[in-house]
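A.B. asks:
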Amino acid sequence: MKFNFFKDKNSRMKKKDHKENTKVEKDKVVDLNTDNQIFEEDVEAIASEKEEQELPIEELPVLDEKQLLEVKVAELESANKEMTDKYLRLSAEFDNYRKRTLRERMELTKTAAESVMLDILPVADDFERAMQSIEKGMDFEATKEGILLIYNKFEEFIKQNGITEIEATGKPFDTDLHEALTKIPAPSEDMKGKIVDVIQKGYCLNDKVIRFAKVVVGE
Numbered sequence: 002m003k004f005n006f007f008k009d010k011n012s013r014m015k016k017k018d019h020k021e022n023t024k025v026e027k028d029k030v031v032d033l034n035t036d037n038q039i040f041e042e043d044v045e046a047i048a049s050e051k052e053e054q055e056l057p058i059e060e061l062p063v064l065d066e067k068q069l070l071e072v073k074v075a076e077l078e079s080a081n082k083e084m085t086d087k088y089l090r091l092s093a094e095f096d097n098y099r100k101r102t103l104r105e106r107m108e109l110t111k112t113a114a115e116s117v118m119l120d121i122l123p124v125a126d127d128f129e130r131a132m133q134s135i136e137k138g139m140d141f142e143a144t145k146e147g148i149l150l151i152y153n154k155f156e157e158f159i160k161q162n163g164i165t166e167i168e169a170t171g172k173p174f175d176t177d178l179h180e181a182l183t184k185i186p187a188p189s190e191d192m193k194g195k196i197v198d199v200i201q202k203g204y205c206l207n208d209k210v211i212r213f214a215k216v217v218v219g220e
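The sequence shown begins at 2 in our numbering and counts up by one.
Written as structure tokens, this is what we have:
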């Protein structure tokens, strides 16, 4: 009887342990299911939040007409500012270019004038010597010849610098070359409308008239 008692007691203890183990396992399953449910709810919440943040293009809020105009005005103002800046830069560059070319042109003119003056100084020296000869009462013919040489030298000088004399006497009157001071009866029939006398010679510089010939025209 004593043996049966212990046997029954052990049997009851095993059943009790089995029940407790079964309960623990059930609790674990419940906890696991609960955790899974919480995880799934978190995943759904995150997915929902992401969908709200990443709305499709067609679901983005549409700007009203006023907002569109404001955006367009801002774009135009930005483009206008950019064009204005470019214009100001180009204007400043052009102004600097204009000043530089003007300065270079002035320097070129000064240099050209210096060269011309150096070439004409020998002619002035010859005139000075001729005047000294006249004052000393030297031979008239020799003085005359000296002055003629000076004149020829001067003519050569102006030709070298691109200056040519305008032909006038006996030529038809041309308003592009001549200036008529007066008209007189032509000495002959073939001189009508032609130049019969030159009061002042005219000159061209590189084919450009720098002084009109002052003439008398026959009629």
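All C-beta atoms in this analysis are idealised placements derived from N, C-alpha and C, irrespective of residue type, glycine included.
#1: Within 10 angstroms of the Cβ of Ile200, are there 16 or more other Cβ atoms? Answer buried if so, exposed if not.
#2: Would you list the one or two residues that DSSP bridges to Pro173?
#3: I need the straight-line Cα distance from Gly163 to Asn81, nearest angstrom please.
#4: Taking Val216 as the reference, give the member of Asp198, Val210, Leu206, Asn207 with the closest Cα.
#5: Between which two residues does the beta strand (DSSP E) containing Ile167 stretch?
#6: Can you round the beta-carbon distance between Ala131 and Ile148 to whole angstroms, since I take them to be within the 8 Å contact cut?
#7: Less than 8 Å between the beta carbons of Lys202 and Gly219, yes or no?
#8: For Asp177, which of Arg104, Asn153, Glu136, Arg212 has the nearest alpha-carbon?
#9: Quick test of the definition: if touching needs 3 or more C-beta pairs under 8 Å, does the stretch 155-171 touch the stretch 113-120?
#10: Under a three-way DSSP split, which group does Leu91 fall into?
#11: Do Asp127 and Lys145 count as a contact pair if the criterion is CB distance below 8 Å?
#12: Is the beta carbon of Thr165 closer than 8 Å to that of Cys205?
#13: Buried or exposed: which applies to Ile135, given that a residue is buried once 16 or more other Cβ atoms fall within 10 Å of its Cβ?
#14: Per DSSP, what kind of secondary structure is Lys29 in: helix, strand or coil?
#15: Beta-carbon within less than 8 Å of Pro186's beta-carbon, same chain only, minus the 5 sequence neighbours each way: which residues are those?
#16: Could you give the distance in angstroms between the alpha-carbon of Gln133 and the alpha-carbon of Thr112?
#17: Alpha helix (DSSP H) containing Lys145: first to last residue?
C.D. replies: The short version:
#1: Answer is exposed; the Cβ neighbour count stays below 16.
#2: Lys195
#3: 53 Å
#4: Asp198
#5: No beta strand (DSSP E) holds Ile167; DSSP gives it neither H nor E.
#6: 5 Å
#7: Not a contact, by the Cβ cut-off of 8 Å.
#8: Arg212
#9: yes
#10: Leu91: helix per DSSP, three-state reduction.
#11: no
#12: yes
#13: exposed
#14: Low confidence applies here, because Lys29 scores a pLDDT of 48, under 50, leaving its location unreliable and the question unanswered by this model.
#15: Gly219, Glu220
#16: Here the C-alpha atom of Gln133 lies approximately 32 Å from the C-alpha atom of Thr112.
#17: 141-161
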